[in-house]
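In our numbering, the protein residues as written are 975 to 1173.
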Amino acid sequence: MPLSDDLDRLDQTIRQLQVKWDMFFAGQEKKPPNELQAQVEKLIRTYAFTEIRNNAERFRYQGLTARYNTFKELWQKRLRAREEGKAFGVHGLKADVLPPPPPPGAAPAAPAARASGGGADGEYRIGDASRDTAAVRALYNQFVIERQKLGDPSAPAFESFQQLISQQTSKILEKGAKAVDFRLDTKGGKVSLKAKVVK
């Protein structure tokens, strides 16, 4: 198989692995994705001691390897923190698990996702995409899973997905809504987002 095809497969598998680890830490998967991770490492080892003469392919291989190693280190830290019963924040370990209470007189925050798998109708309630990260992440994970079921393993980066949700949420909130219930709709071999206004 040509190196370019293997690099495409490596890129795709790293993305899938990232989703699987996110699902594991969110409690949607019972076991860590060790088998998929072994596939990634096998692909990386295949070319670890091979001279890649094509500059573009060599640069891409090095970039994918560096990205995987960064993710791997993060997953190991989060796994260790989880085993030790600690919360793991964006910038490392931290002791606080619950967010601080809102100041007196402040409006209550919009509820996050109704559940890790959505509500009764598979809905995810979002009032602020930058604050309700858990809800957006759960919706994103489900979006990726539905696309994989349709045989399409490709997916946008989480940051791009979050930005899209943020834009749609802001437009709807400007019209007087309190929050937005998002759900996934699969028709004609495609997965689309449906938004419902929460008054």
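Every residue gets a Cβ at the ideal spot worked out from N, C-alpha and C, and that includes glycine.
Just so we're clear, the structure is a prediction, and the values are computed from it rather than from any experiment.
Identity of the residues DSSP links to residue i by a beta bridge
i, result
"F1156", "Y1098, A1169"
"K1161", "K1164"
Buried or exposed (CB count within 10 angstroms, at least 16 for buried), residue i
i, result
"E1009", "exposed"
"V1194", "Absent from the structure is residue 1194, since the part of the chain shown begins at 975 and ends at 1173."
"K1164", "exposed"
"D982", "exposed"
"L984", "buried"
"F1135", "buried"
"F1023", "exposed"
"D1106", "buried"
"K1149", "exposed"
Where residue i sits in the DSSP three-state scheme
i, result
"S1104", "coil"
"L1124", "coil"
"E1148", "coil"
"K1005", "coil"
"D1040", "Inspection of the sequence shows that residue 1040 is occupied by Ala rather than by Asp. Helix, per DSSP."
"E1058", "coil"
"A1000", "coil"
"A1109", "helix"
"F1132", "helix"
Range of the contiguous alpha helix (DSSP H) that encloses residue i
i, result
"R1027", "It is not in any alpha helix (DSSP H) - R1027 carries neither H nor E in the DSSP assignment."
"A1012", "1008 to 1020"
Distance CB(residue i)-CB(residue j) smaller than 8 Å
i, j, result
"D980", "T1039", "no"
"L991", "P1007", "yes"
"F1156", "Y1098", "yes"
"I1100", "A1109", "yes"
"V1172", "K1152", "yes"
"F1103", "S1140", "Note that residue 1103 is Ala in the sequence shown here, rather than Phe. Yes. Within cutoff."
"V1014", "Y1042", "yes"
"Q1122", "L1158", "no"
"R1184", "F999", "Because the chain here runs from 975 to 1173, residue 1184 falls outside it and cannot be looked at."
"L977", "I1018", "no"
"T1160", "E1133", "no"
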